[in-house]
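What follows is a set of notes on a single structure, which appears directly below.
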Amino acid sequence: MNIPKLVTAPIISALLCSSIGELTINPSTAFAKSITGNSTNIANSKLFEENYYPQENIVTPTRVNHKSLIIARGKKVNVIFKKGALKDIRSRKPDLNTKSKVRQEVVDAVRLAEQIASAGVKRLDYILAPRRRRNKKKRWKNDKIATAYFGRRQATVAQIKAVRRRLKRAHRRLANRKLNIRLLPQSRASKSSTNGHNRGGPITPLRFVLFPNWFIEKSKEEKAAIIIHELLHDWFVDHKIRDGGKRKTVYGSYLAKKLARKRPRAARRNPENYEQFTLEAWRSVRSRAK
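Residues in the sequence shown are numbered from 205 upward in steps of one, following this note's numbering.
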């Protein structure tokens, strides 16, 4: 009698798992045991609740360097030092003279980036709150920060929602997902002024590079906003615009605003515009709080 494959496959899988059960590892248990040294009270720890490891996202960890893994408000930040990175960072900022100090600088920036992205999402939520479409458009036109970086012209409700959806996606990654951040020496960057790099798309999801230039001559808010920028490269590339007779990559508030005026559709798909928008939205909230 021929037994259908659909029936035999689960049975064989179950038999294999039961026969070599010692090779079947629960990733959350393995990770918890490696950190705490004890797997008996894992169920009572908030750090290892089921929602911390969504079942559909579980991947068995292989050779994780736990010394470089830091927990930041319920999410994991894996800071990876490449050859020459620490020496280069120390030469530019002498107070960052150990790996632990550098890691903490990066983790603090990720925490702040989550808050800054949240400020941008909440501002867009306010714009989209009215039930009537005309009232949504009215709030958009009256919002100086949103229109400065995403353009007043041609903005439909669907396009406003798309801006919110894209930013919310980056915020969700900052809040709930593991980030792998590699630190490389500045000599590996394309320019001496480069702060970070992300190839984007499926090549490097949730993973990007920071260079020593990111650590200097910037406020904590600016560093955090750059992290938002790098995450958005998973979906978008940096746009260019003609300025002063030359085509320039859109970096900084001035060129981001110019792109929004000249090509608003491109601005709504440009990482720098989201970086500058969230930064100003955050500063607006902070100034009102004072």
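C-beta: ideal position from N, C-alpha, C; glycine also.
In three-state DSSP terms, what is residue i?
| i | result |
| --- | --- |
| Phe-412 | strand |
| Phe-481 | helix |
| Arg-357 | coil |
| Lys-287 | coil |
| His-437 | coil |
| Leu-454 | Position check: residue 454 holds Val in this sequence, whereas Leu was assumed. DSSP places Val-454 in coil when its eight states are reduced to three. |
| Thr-228 | With a pLDDT of 34 at Thr-228, under the threshold of 50, the modelled position of this residue cannot be trusted; read the value that follows with caution. Thr-228 falls in the coil class under three-state DSSP. |
| Leu-316 | helix |
| Asn-421 | A quick correction: the sequence has Glu, not Asn, at residue 421. Glu-421: coil per DSSP, three-state reduction. |
| Asn-245 | Confidence at Asn-245 is low in this model, with a pLDDT of 38, below 50, so the placement of that residue should be treated as unreliable; the coordinate-derived value is given next. Coil. |
| Leu-328 | helix |
| Thr-302 | coil |
| Ala-333 | coil |
| Ala-493 | helix |
| Ser-488 | helix |
| Arg-467 | coil |
| Ala-362 | helix |
Identify every residue that forms a DSSP beta bridge with residue i.
| i | result |
| --- | --- |
| Asn-346 | Paired residues: none, contrary to the question. |
| Gly-400 | Leu-414 |
| Ile-385 | Val-283, Phe-412 |
Going by DSSP, what residue range makes up the beta strand (DSSP E) through residue i?
| i | result |
| --- | --- |
| Arg-446 | 444-447 |
| Arg-381 | Here Arg-381 belongs to no beta strand (DSSP E), and DSSP marks it neither H nor E. |
May I ask which residues mark the beginning and end of the alpha helix (DSSP H) holding residue i?
| i | result |
| --- | --- |
| Arg-473 | Counting along the chain, Arg-473 falls outside any alpha helix (DSSP H), and DSSP gives it neither H nor E. |
How close, in whole Å, do the beta carbons of residue i and residue j come, if the pair is a contact with beta carbons under 8 angstroms?
| i | j | result |
| --- | --- | --- |
| Lys-297 | Ile-420 | 6 angstroms |
| Asp-292 | Gln-390 | 6 angstroms |
| Ile-320 | Ala-428 | 5 angstroms |
| Asn-402 | Trp-418 | Rounded, the Cβ-Cβ distance is 13 angstroms, inconsistent with contact. |
| Lys-462 | Ala-352 | Not confirmed; about 10 angstroms, so no contact. |
| Leu-388 | Phe-412 | Rounded, the Cβ-Cβ distance is 11 angstroms, inconsistent with contact. |
Count the CB pairs spanning the stretch 465-483 and the stretch 354-366 that are closer than 8 angstroms, and state whether there are at least three.
-> yes
Per the contact definition of three or more C-beta pairs closer than 8 angstroms, is the stretch 481-494 in contact with the stretch 425-434?
-> Segments in contact, yes.
Is it true that the stretch 332-342 meets the stretch 314-324, where meeting means three or more beta-carbon pairs spaced less than 8 angstroms apart?
-> no
On the three-pair Cβ rule with 8 angstroms, is the stretch 446-459 touching the stretch 383-396?
-> no
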